[in-house]
């Protein structure tokens with residue numbers, strides 16, 4: 012195969028009700044060089060049986076205890092062999108545009124490419140300007156990373172809910188990489204994961220410093236003003 016290999020990483024725990032849909036959406040892609048890496052958190056609901064049923068269609072999977080989502084992702088990265096890496100949730104599903112996106116756009120090894128997802132029935136979220144990236148982040152399921160990112164960084168496991176957000180803030184400030192938007196809609200994103208119902212208190216405390224350290228002055232000043240305004244009003248964010 013002369014197409015660059017794309018490693019699709021999925022971490023699971025008790026996902027028997029949705030993992031089959033996710034895996035099938037990956038296996039149905041027309042792009043010719045995809046490997047699927049699954050790290051399961053010692054599921055007890057039948058997830059392991061479902062994964063086992065796919066045989067060698069899954070390049071690698073293992074079930075063992077972990078200390079959280081990003082610990083599992085870091086473990087999976089140790090097994091990924093692709094030139095590019097994409098993370099998908101067990102309750103998400105890839106769309107046909109994913110194959111078009113990775114086939115046509117993955118050119119620069121210093122580029123972090125991102126596209127769109129369907130979220131709550133709506134295509135979202137288009138190109139994310141620096142201030143919006145600092146304030147809200149970029150959906151994890153829209154991004155395809157060059158493997159060079161993970162040769163240099165891993166997810167900071169102190170952040171239990173949004174370590175991907177924290178990493179992207181650092182990557183914005185790393186001149187070795189740049190974010191590049193392309194208008195494809197590559198996945199159905201489901202927000203039933205931990206980030207939909209749990210707040211990352213460690214990240215909340217670090218958020219301002221991550222922005223101040225990694226963004227341009229215009230963004231820093233806007234974000235600092237927003238933070239001070241929220242504090243004056245009695246807010247915590």
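Residue numbers (the working numbering): 12 to 248. Cβ coordinates follow ideal geometry from the N, Cα and C atoms, glycine included.
Among 226, 91 and 52, which one has its Cα closest to the Cα of residue 17?
Indexing the chain shown from 1 puts residue 17 at position 6. If we check each option's Cα against that of residue 17, 91 comes out closest.
CA nearest to the CA of residue 21, picked from 50, 79, 239 and 119
Counting from 1 along the chain shown, the entry for residue 21 is found at position 10. Among 50, 79, 239 and 119, the Cα nearest to that of residue 21 is on 50.
Using beta carbons (cut-off 8 Å, strictly below), is residue 19 in contact with chain C?
Among the protein chains of the structure shown there is no chain C, as only one such chain exists.
Bounding residues of the alpha helix (DSSP H) (the contiguous stretch that carries residue 59):
Your numbering for residue 59 matches position 48 in the chain shown. 58-64 is the extent of the alpha helix (DSSP H) around residue 59.
Rounded C-alpha distance that separates residue 71 from residue 237
Residue mapping note: residue 71 aligns to position 60 of the chain shown, counting from 1. Residue mapping note: residue 237 aligns to position 226 of the chain shown, counting from 1. Here the alpha carbon of residue 71 sits roughly 44 Å from the alpha carbon of residue 237.
Is residue 129 helix, strand or coil by DSSP?
If you number the chain shown from 1, residue 129 lands on position 118. In the structure shown, residue 129 adopts extended strand secondary structure according to DSSP, grouped into three states.
For residue 105, count neighbouring C-beta atoms within 10 Å of its own C-beta (all shown protein chains included) and say buried if the count is 16 or more, exposed if not.
The residue given as residue 105 occupies position 94 in the chain shown. Classification of residue 105: buried, given that the 10 Å Cβ count is 16 or more.
Backbone secondary structure at residue 27 - three-state DSSP
The count along the chain shown starts at 1 and reaches residue 27 at position 16. Of the three classes helix, strand and coil, the one that applies to residue 27 here is coil, per DSSP.
Same chain, Cβ closer than 6 Å to residue 32, neighbours up to 5 away in sequence not counted
By 1-based counting over the chain shown, the position of residue 32 is 21. Residues of the same chain with a CB within less than 6 Å of the CB of residue 32, apart from the 5 flanking positions on each side, are 104 in chain order.
Which whole-angstrom value is the C-beta distance of residue 148 and residue 179, which I expect to be below 8 Å?
As a working note, residue 148 is residue 137 in the chain shown. As a working note, residue 179 is residue 168 in the chain shown. So it is a contact: roughly 6 Å between Cβ atoms.
Once DSSP output is grouped into helix, strand and coil, what is the label at residue 88?
Within the chain shown, numbered from 1, the residue matching residue 88 stands at position 77. In the three-state DSSP reduction, residue 88 falls in the helix class (H, G or I).
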